[in-house]
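There are 2 protein chains.
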Amino acid sequence: MLEVKTPEEVLRLIETEFRTLERTENVRLEEALGRVLAEDIRAAEYVPDFDRSAVDGYALRAKDTFGCSDAVPAILKLVGEVKMGESAEIQVPEDACVYVPTGGAIPPGCDCAVMIEYTEDYGDGTVGILKPGAPGMNLIFRGDDVFPGKTILKAGRVLAPQDIGALAAVGITEAPVRPRLRVGVISTGDELIPADQAPGSGQMRDVNSPMLAALLADFGAEPVQYGIVADDEALLREKAAAALQSCDAVILSGGSSAGVKDAASRIISDLGELLLHGIAVKPGKPTILGRAGNKPLIGLPGHPAAAFFVAKLFALPLLARLEGREERSYPVRARLGESLGANHGRMQINACRLATENGELAAAPIRSKSGLIAQLAGADGYLMIGRDCEGLPEGAEVDVYWS
Amino acid sequence: MLEVKTPEEVLRLIETEFRTLERTENVRLEEALGRVLAEDIRAAEYVPDFDRSAVDGYALRAKDTFGCSDAVPAILKLVGEVKMGESAEIQVPEDACVYVPTGGAIPPGCDCAVMIEYTEDYGDGTVGILKPGAPGMNLIFRGDDVFPGKTILKAGRVLAPQDIGALAAVGITEAPVRPRLRVGVISTGDELIPADQAPGSGQMRDVNSPMLAALLADFGAEPVQYGIVADDEALLREKAAAALQSCDAVILSGGSSAGVKDAASRIISDLGELLLHGIAVKPGKPTILGRAGNKPLIGLPGHPAAAFFVAKLFALPLLARLEGREERSYPVRARLGESLGANHGRMQINACRLATENGELAAAPIRSKSGLIAQLAGADGYLMIGRDCEGLPEGAEVDVYWS
């Protein structure tokens, strides 16, 4: 008999029981946003690939300006202008300078750039330098930003827009990423009908299939819908086995009846190994987890709010484990708008809305009598109250996890 | 002559100068994730549409159990079982009960459900109730969660997975959303080459086009690439006019040369009205903003890190304004890993990485000598130092904006 596990134990179980799938596919940079890097990315070249100026001004030899000042400018011969995008092949003799725009290439022999604000063009082919340069001043040297072999991004990174920019900068227009995980979604329960049908008495629309599909898509996985399966163990087993065949993971969400719950755990035991039967969270306790090879079978509670929380807290980290995805989910700190009770001997999860009040972020817990829509619609995130905490007073600082 | 504006002034300018485009299109729920609701969504029906049990147990009349206890159970006749997904048409006489699963319909006449834990099935057609019920106990009434006319989600909401679930629950399988904004992206500068070409001396790859396209896609807009335009005012004007014709907004990002910057502001003045010439942020000062009708023309700095920050801080809020999108970007609180200087008379923006250290979130500022990749690659977010602040000490609490 498997015992109910704490959230920490479940996360450890995920680490020990599942391994990262070492799979790679190459995608074009335009398609790489949100994908998980499969390998470290190293630069193969220098950025910049030439010494460039960090200012609009004059490239020159610092030593030719030592000792100059407003009162006693260094008078240098202007021998040309560097154009953006062109190499700087101008020969600059001693006591001479070249105009260079920000980002322009520094001609050989010059060792600094003096900002135009500290110069005066006399219009007769000479320029007065009013402030001495120093070697390296206002220069960005070849390879200052990146050099061959430098690690740009690490494996596991979920590619963000800034990363796409960095890859473009070093000419990497294809990236090795993890193939998207295919995740089968099955809803079970005799009372369920598809969302586009009108419920008769005793019937409820299937919320979990579209919600979990959206959650998986948002995460970057590919949901594969297997629809609603009635409370028929043979049928459910058949669907689960089919899903397991063609997917990397399968999420069942159970109906409310005891029959479905037991069937799901029997099916998971048959198809693989049952690892977990119950998590000490409220809502979300009737969660089961199994493993067929390295493929997880996750049985979520039927109640949509519970299914949502458990999917966020445990199913997504499990999928992240399969991808070797770097965790980047940080809570925001907010002040609790009203007191919130808890007294269940297990961690309590509560949806909330966020709003800025008097320059401070306020979290308003969403209360409902098992109301699925009230708990979900418009929620900005959720907060957690530890199992040993009997509740939080109004004004308490809380960590809110976005969703 | 337009003065450099503070960030707050720029955000106010956006509010006063641009209005929300009252456009709507209907999308199927499967396509609605991340889209912006164009209208409030009201329910047209009851959820649940019947009185249901919140527990596994027996539906009965509370008054038949008043005064019962472990020692003196109320003995009720078991007259049937409610099945999941079926209406509860069983007639329940006085002093009788019906088995009902969690979520099952409550038969007419019954006014509460007693948990199975507080009952005993004697196996002879009678059930002992060991704890008295009370009217309404363990029931979810018709419309408890949602009733016709109740607002489920408000206009401006960016649809999250939980919202998709809520819409499915009330049978809304198509949602009225804002059409995606089409945003033209133009990079300018003689030194720029496409990312898939090898730079010659003096040339740099165009980072801003792919980076801004990814940022726009991530935001939920549709980027339209107009490629790289050399520093030729007539050509740039032609491209900008073409982009303005077929897009809702146009983002130019300027090369480093003074010529390009001036050209962009002349072009914006010609095509519409120049509203802004410079923002008091570092990096990001050379930002310009214009308006042609209600279409914004945004001129970003050429340096990719500056372009990135300005796009996040000002261009995306401007696009959100055009959509009437509800702002949902909250910073995370972190501790600064090392001191960070600032002394520029304008707000300083600094990229940083986040990591959890000793259970606390730590922000490591990314330092670089104008290094574009170092500032972008792997950055988790950015922090801002106010214009009147001379720097932050190690260990200071900072707000980090995700990216």
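Keeping their order, the protein sequence lines are chains A and B.
Each residue of the first sequence is one higher than the last, beginning at 1 in the working numbering.
Each residue of the second sequence is one higher than the last, beginning at 1001 in the working numbering.
All residues carry an ideal CB built from backbone N, CA and C; glycine is no exception.
When the Cα of residue 1212 of chain B is compared with those of B:1289, B:1315, B:1069, B:1081, which residue comes out closest? Along the second sequence, one-based indexing puts residue 1212 of chain B at 212. For residue 1212 of chain B, the nearest C-alpha among the options comes from B:1315.
Taking 8 Å as the threshold (beta carbon to beta carbon), is residue 1201 of chain B in contact with chain A? Residue mapping note: residue 1201 of chain B aligns to position 201 of the second sequence, counting from 1. Yes - at least one Cβ of chain A is within 8 Å of the one on residue 1201 of chain B.
Using a Cβ cut-off of 8 Å (strictly closer), state whether residue 304 of chain A contacts chain B. Numbered from 1 along the first sequence, position 304 holds the residue referred to as residue 304 of chain A. For residue 304 of chain A, the answer is yes, since a Cβ of chain B falls inside 8 Å of its Cβ.
Indicate whether at least one CB of chain B lies closer than 8 Å to the CB of residue 169 of chain A. By one-based count along the first sequence, residue 169 of chain A stands at place 169. Cβ-Cβ to chain B under 8 Å: yes for residue 169 of chain A.
Any beta carbon from chain B within less than 8 Å of residue 183 of chain A's own beta carbon? Here residue 183 of chain A refers to the residue found at position 183 when the first sequence is read from its first residue. Output row for residue 183 of chain A: interface = no.
Taking 8 Å as the CB-CB limit, is residue 1333 of chain B close to chain A? Taking the second sequence and counting its residues from 1, one reaches residue 1333 of chain B at position 333. True, the Cβ-Cβ gap to chain A drops below 8 Å.
Are residue 38 of chain A and residue 176 of chain A closer than 8 Å when you measure CB to CB? Walking along the first sequence from the start, residue 38 of chain A turns up at place 38. Walking along the first sequence from the start, residue 176 of chain A turns up at place 176. Going by C-beta atoms, residue 38 of chain A is nearer than 8 Å to residue 176 of chain A.
Is the distance from the Cβ of residue 324 of chain A to the Cβ of residue 20 of chain A below 8 Å? If you number the first sequence from 1, residue 324 of chain A lands on position 324. If you number the first sequence from 1, residue 20 of chain A lands on position 20. Result yes, Cβ atoms of residue 324 of chain A and residue 20 of chain A sit closer than 8 Å.
Exposed or buried, what is residue 283 of chain A when buried is set at 16 or more other beta-carbons lying within 10 Å of its beta-carbon? As a first step, residue 283 of chain A must be located in the first sequence, where it is residue number 283. Buried, by the Cβ-count rule.
Taking residue 1300 of chain B as part of the beta strand (DSSP E), name the residues at either end of that continuous run. By one-based count along the second sequence, residue 1300 of chain B stands at place 300. Here the beta strand (DSSP E) through residue 1300 of chain B covers 1295-1300.
Say whether chain B places a C-beta atom closer than 8 Å to the C-beta of residue 162 of chain A. Residue mapping note: residue 162 of chain A aligns to position 162 of the first sequence, counting from 1. Closer than 8 Å to some Cβ of chain B, the Cβ of residue 162 of chain A qualifies, so yes.
Alpha helix (DSSP H) containing residue 1161 of chain B: first to last residue? In the second sequence, the residue the question calls residue 1161 of chain B occupies position 161. Per DSSP, residue 1161 of chain B belongs to the alpha helix (DSSP H) from 1161-1169.
Report, in whole angstroms, the separation of the C-beta atoms of residue 1297 of chain B and residue 1279 of chain B, which I expect to be a contact under 8 Å. Translated into the one-based positions of the second sequence, residue 1297 of chain B becomes position 297. Translated into the one-based positions of the second sequence, residue 1279 of chain B becomes position 279. 15 Å between Cβ atoms; not a contact.
Consider the Cβ of residue 157 of chain A: report whether some Cβ of chain B lies at a distance smaller than 8 Å. Stepping through the first sequence from its first residue, residue 157 of chain A is reached at position 157. Closer than 8 Å: yes.
Against chain A, which members of the region 1079-1094 of chain B pass a CB distance test of less than 9 Å? 1082, 1083, 1084, 1085, 1086, 1087, 1088, 1089
Following the continuous alpha helix (DSSP H) through residue 1211 of chain B, name the residue where it begins and the one where it ends. Along the second sequence, read from residue 1 onward, the residue named residue 1211 of chain B stands at position 211. Unbroken alpha helix (DSSP H) run through residue 1211 of chain B: 1208-1219.
Taking the straight line between their C-alpha atoms, what separation do you get for residue 1147 of chain B and residue 1043 of chain B? Walking along the second sequence from the start, residue 1147 of chain B turns up at place 147. Walking along the second sequence from the start, residue 1043 of chain B turns up at place 43. Near 7 Å, if we compare the C-alpha coordinates of residue 1043 of chain B and residue 1147 of chain B.
Report yes if the C-beta distance between residue 1052 of chain B and residue 1106 of chain B is below 8 Å; otherwise report no. The residue labelled residue 1052 of chain B in the question sits at position 52 within the second sequence. The residue labelled residue 1106 of chain B in the question sits at position 106 within the second sequence. Yes, these two residues count as a Cβ contact at 8 Å.
What residue from B:1208, B:1332, B:1080, B:1118 has the CA that sits closest to residue 1073 of chain B's CA? Translated into the one-based positions of the second sequence, residue 1073 of chain B becomes position 73. The option with the nearest alpha carbon to residue 1073 of chain B is B:1118.
Would you list the one or two residues that DSSP bridges to residue 1225 of chain B? Position 225 of the second sequence, counted from the first residue, corresponds to residue 1225 of chain B. The partner list for residue 1225 of chain B (beta bridge, DSSP) reads B:1185.
Is there a Cβ of chain B sitting closer than 8 Å to that of residue 211 of chain A, yes or no? Here residue 211 of chain A refers to the residue found at position 211 when the first sequence is read from its first residue. Closer than 8 Å: yes.
Which one of A:345, A:361, A:379, A:332 has the shortest CA to CA distance from residue 285 of chain A? By 1-based counting over the first sequence, the position of residue 285 of chain A is 285. For residue 285 of chain A, the nearest C-alpha among the options comes from A:345.
Buried or exposed for residue 395 of chain A, going by 16 or more other Cβ atoms inside 10 Å? Here residue 395 of chain A corresponds to residue number 395 of the first sequence, with the count starting at 1. Label assigned to residue 395 of chain A: exposed.
Could you check where the beta strand (DSSP E) with residue 176 of chain A kicks off and where it finishes? Start at 1 with the first residue of the first sequence, and residue 176 of chain A comes out as number 176. Its beta strand (DSSP E) spans residues 174-177.
With distances taken from CA atoms, which of B:1191, B:1066, B:1154, B:1054 is nearest residue 1133 of chain B? The residue you call residue 1133 of chain B lines up with position 133 of the second sequence. Taking only the C-alpha atoms, the option nearest residue 1133 of chain B is B:1066.
Beta-bridge pairing of residue 121 of chain A - partner residues as DSSP gives them: By one-based count along the first sequence, residue 121 of chain A stands at place 121. Paired residue(s): A:127.
Would you say the beta carbon of residue 388 of chain A comes nearer than 7 Å to a heavy atom of the ligand NAP? With respect to the ligand NAP, the structure offers nothing, as it holds no ligand at all.
Assuming residue 1271 of chain B and residue 1340 of chain B form a contact by the criterion Cβ under 8 Å, report the distance between their Cβ atoms to the nearest whole angstrom. Residue 1271 of chain B sits at position 271 when you count from the first residue of the second sequence. Residue 1340 of chain B sits at position 340 when you count from the first residue of the second sequence. 40 Å between Cβ atoms; not a contact.
Output yes or no for whether 8 Å exceeds the beta carbon distance between residue 1228 of chain B and residue 1187 of chain B. On the second sequence, residue 1228 of chain B is found 228 positions in, with the first residue counted as 1. On the second sequence, residue 1187 of chain B is found 187 positions in, with the first residue counted as 1. Contact: yes.
Using the Cβ count rule (16 or more neighbours within 10 Å means buried), how would you classify residue 333 of chain A? As a first step, residue 333 of chain A must be located in the first sequence, where it is residue number 333. Residue 333 of chain A comes out buried.
Give me the chain B residues within the contact set of residue 33 of chain A, using Cβ-Cβ distance strictly less than 7 Å, ordered along the chain. Numbered from its first residue, the first sequence carries residue 33 of chain A at position 33. Going along chain B in sequence order, the residues near residue 33 of chain A (Cβ under 7 Å) are 1214, 1217, 1218.
Whole-angstrom Cβ separation of residue 275 of chain A and residue 265 of chain A, contact assumed at under 8 Å? Against the first sequence, residue 275 of chain A aligns to sequence position 275. Against the first sequence, residue 265 of chain A aligns to sequence position 265. Actually they are not in contact, since the Cβ atoms of residue 275 of chain A and residue 265 of chain A sit about 11 Å apart, beyond 8 Å.
Taking contact to mean 3 or more Cβ pairs, one atom from each stretch, closer than 8 Å, check whether the region 1216-1225 of chain B and the region 1165-1184 of chain B are in contact. yes
contact_flag[the region 1199-1210 of chain B, the region 79-90 of chain A] where n(CB pairs < 8 Å) is 3 or more: yes
On the CB-based measure, 16 or more other CB atoms within 10 Å of its CB, does residue 161 of chain A come out buried or exposed? As a working mapping, residue 161 of chain A is identified with position 161 in the first sequence. Buried, since its Cβ has 16 or more Cβ neighbours within 10 Å.
Kindly list, in the order they appear in chain B, the residues whose Cβ is closer than 9 Å to that of residue 380 of chain A. As a position in the first sequence, residue 380 of chain A is number 380, starting the count at 1. Under the 9 Å cutoff, chain B gives 1160, 1328, 1330.
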